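Quick notes on the structure that follows.
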Amino acid sequence: MDVLEAIFTRRSIRKFTPEAVSEADVATLLKAAMCAPSSHNSRSWHFVVVRDQAQRQGIAQRHPYAKMAAEAPVVIIVCANPAEAKEAGFWQQDCAAALENILLAARGLNLGTVWCGMYPFEDRVRPIRELLQVPEAVNILGLVVVGHPAQPFKEADRFDPAKVHHDRW
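If you're matching positions, the sequence shown starts at 1 in full-length UniProt numbering and goes up one per residue.
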């Protein structure tokens, strides 16, 4: 799929078929994530791939906007270890770039995704941290629910020229 087609047709998918996502496809998503830019190329990100049904059900019960995690075959938690960063304060940007690469790579593979934010809301981070035993020293940005879509992709024109400023505000 052309990269612009992937960008223009990507959307949040919240309904999935029961079909499994292959190990090869998950590996491709993670490889795409790790191709994202990061501050000083520190690549302090980490990913927790959750396939276990009980764990996905636990995520769905603990995150107020991730109910679909119980039905999707894969959830990827996007984290960062600040101790691995070469400069403090950029982990959110690094993880967001990696997460967006997951979304676009998934679209290119005809997989559906939805990004469920967690950081900076401790009431969303803490329950997932405890469930998945993510160390306290590791920050969690968000999660991506992944599966074969049970709803269509379609292009949406979201371009708004009123949001573009040239040379000054």
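C-beta: ideal position from N, C-alpha, C; glycine also. Since this is a predicted model, take the numbers as computed values, not measurements.
Hey, which unbroken runs of the beta strand (DSSP E) at 3 residues or more fall wholly within the UniProt domain "Nitroreductase" (8-61)?
DSSP runs (the beta strand (DSSP E)) wholly in the UniProt domain "Nitroreductase" (8-61): 45-50.
Per DSSP, the bridge partner or partners of residue 140
Bridge partners of residue 140: 79.
Quick check on this structure: which residue in 36, 75, 37 has the alpha carbon closest to the alpha carbon of residue 52?
Answer by Cα proximity: 75.
Taking the alpha-carbon positions, what's the residue 25 to residue 110 distance?
One C-alpha to the other measures close to 10 Å.
With a threshold of 8 Å on Cβ separation, who are the neighbours of residue 21 within its own chain once the five nearest residues in sequence on each side are excluded?
Within the same chain, 73, 74, 111, 146, 147, 148 come within 8 Å of residue 21 by CB-CB distance, once the 5 residues on both sides are set aside.
Taking the alpha-carbon positions, what's the residue 133 to residue 6 distance?
Looking at the two C-alpha atoms, the distance is approximately 34 Å.
DSSP three-state label for residue 134, please.
Look at residue 134 here: in three-state DSSP terms it is coil, with no helix or strand label.
Note down, in chain order, each residue of its chain lying with its Cβ closer than 6 Å to the Cβ of residue 118, except the 5 sequence neighbours on either side.
So the qualifying residues of the chain are 124, 125, 140, 142.
So, using beta-carbon positions, are residue 88 and residue 44 closer together than 8 Å?
In this structure, residue 44 does not lie closer than 8 Å to residue 88 by Cβ.
On the three-state DSSP scale, how would you describe residue 149?
Secondary structure at residue 149: strand, using DSSP grouped into helix, strand and coil.
Nonlocal neighbours in the same chain, by C-beta distance under 8 Å from residue 136, ignoring five residues either side
Cβ within range, chain order: 129.
Can you name the start and end residues of the beta strand (DSSP E) that residue 108 belongs to?
Residue 108: not part of any beta strand (DSSP E); member of the alpha helix (DSSP H) spanning 91-108, first to last residue.
Using 8 Å for Cβ pairs, my map puts residue 153 next to residue 14. What's the rounded Cβ distance?
At roughly 13 Å, the Cβ-Cβ gap does not stay under 8 Å, so residue 153 and residue 14 are not in contact.
Buried/exposed call for residue 101, threshold 16 Cβ in 10 Å
Its Cβ being crowded by 16 or more others within 10 Å, residue 101 is buried.
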